[in-house]
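With numbering that gives the first Met the number 0, the residue at position 103 of the sequence shown is 102, and numbering never jumps. Read the structure below first, then the notes.
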Amino acid sequence: MRDHNLARTVTIVLGVLFGVLLLSVLAFGLLGGRSSLPLTEADVIGTWQGDRGARLEVTPDGRARLSDAAGWKCARGEKLGVFTGDGRWTIGHLPDEDPGIRVEFSAEGTPAVQECNDWFLLHGTGGEGAADGEVWATFVSRDGGAAERFRRTATG
0 MRDHNLARTV
10 TIVLGVLFGV
20 LLLSVLAFGL
30 LGGRSSLPLT
40 EADVIGTWQG
50 DRGARLEVTP
60 DGRARLSDAA
70 GWKCARGEKL
80 GVFTGDGRWT
90 IGHLPDEDPG
100 IRVEFSAEGT
110 PAVQECNDWF
120 LLHGTGGEGA
130 ADGEVWATFV
140 SRDGGAAERF
150 RRTATG
């Protein structure tokens with residue numbers, strides 16, 4: 000009888016601990032790393048500098064300029080290349096990914112009908128008062144090794 004009560008007590012304690020752990024994960028947004036707050040224009044507008052020299056300028060009027068971006072197949076057919084392009088952006092969200100913006104652009108030196116697009120995902124958003132230094136971003140479809148990490152440059 001005593002072993003039966005001990006087993007039931009252990010089961011209850013483990014169940015409570017699992018419940019607390021699950022609630023903590025949900026409360027702190029640890030599943031999938033997704034932001035708990037919706038992304039706003041203020042989160043993305045500005046100049047983003049990549050750790051390998053690429054730069055993305057996101058303007059309030061919906062325009063974007065990507066320069067010196069490496070590892071894109073879209074730029075020159077199947078060949079990976081470094082390129083610059085102008086385009087537009089919209090806020091969006093892919094399932095199972097951090098929030099971000101969809102960037103559509105035409106690369107310089109490619110036919111006008113060839114349009115490239117990719118998701119620029121922001122990581123570290125969602126916390127109240129998250130500073131620019133705590134937020135970083137990557138492009139989803141960039142090929143050719145580890146993803147280039149972008150940080151928004153300080154604004155004046």
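A virtual CB, placed ideally from N, CA and C, is assigned to each residue, including glycine.
Original post:
Comparing alpha-carbon positions, which option in Gly91, Trp135, Val57 lies nearest glutamate 123?
Top reply: Working through the sequence shown from its first residue, we reach residue 123 at position 124. What sits at residue 123 in the sequence shown is glycine, not glutamate. For the residues Gly91, Trp135, Val57, the minimum Cα distance to glycine 123 belongs to Trp135.
Subject >> Cβ neighbour criterion (16 or more within 10 Å) applied to arginine 151 >> reply: Here residue 151 corresponds to residue number 152 of the sequence shown, with the count starting at 1. By the 10 Å Cβ count, arginine 151 comes out buried.
Original post:
Rounded to a whole number of angstroms, what is the C-alpha to C-alpha distance between isoleucine 11 and proline 37?
Top reply: The residue labelled residue 11 in the question sits at position 12 within the sequence shown. The residue labelled residue 37 in the question sits at position 38 within the sequence shown. Straight-line Cα distance between these residues: approximately 37 Å.
Original post:
Among Trp47, Gly70, Val57, Asp117, which one has its Cα closest to the Cα of phenylalanine 149?
Top reply: The sequence position of residue 149 within the sequence shown is 150, counting from 1. Checked all of Trp47, Gly70, Val57, Asp117; the closest Cα to phenylalanine 149 is Trp47.
Original post:
Excluding sequence positions up to five away, which residues of its chain have a Cβ less than 6 Å from the Cβ of glycine 91?
Top reply: As a working mapping, residue 91 is identified with position 92 in the sequence shown. Result list for glycine 91: Arg101, in chain order.
Original post:
Can you tell me whether alanine 53 is buried or exposed, with buried defined as 16 or more other CB within 10 angstroms of its CB?
Top reply: Locating residue 53 in the sequence shown gives position 54, counting from the first residue. It is buried - the Cβ of alanine 53 has at least 16 other Cβ atoms within 10 Å.
Subject >> CA-to-CA distance, arginine 7 to threonine 39, given in whole angstroms >> reply: By one-based count along the sequence shown, residue 39 stands at place 40. By one-based count along the sequence shown, residue 7 stands at place 8. Roughly 49 Å separates the two Cα atoms.
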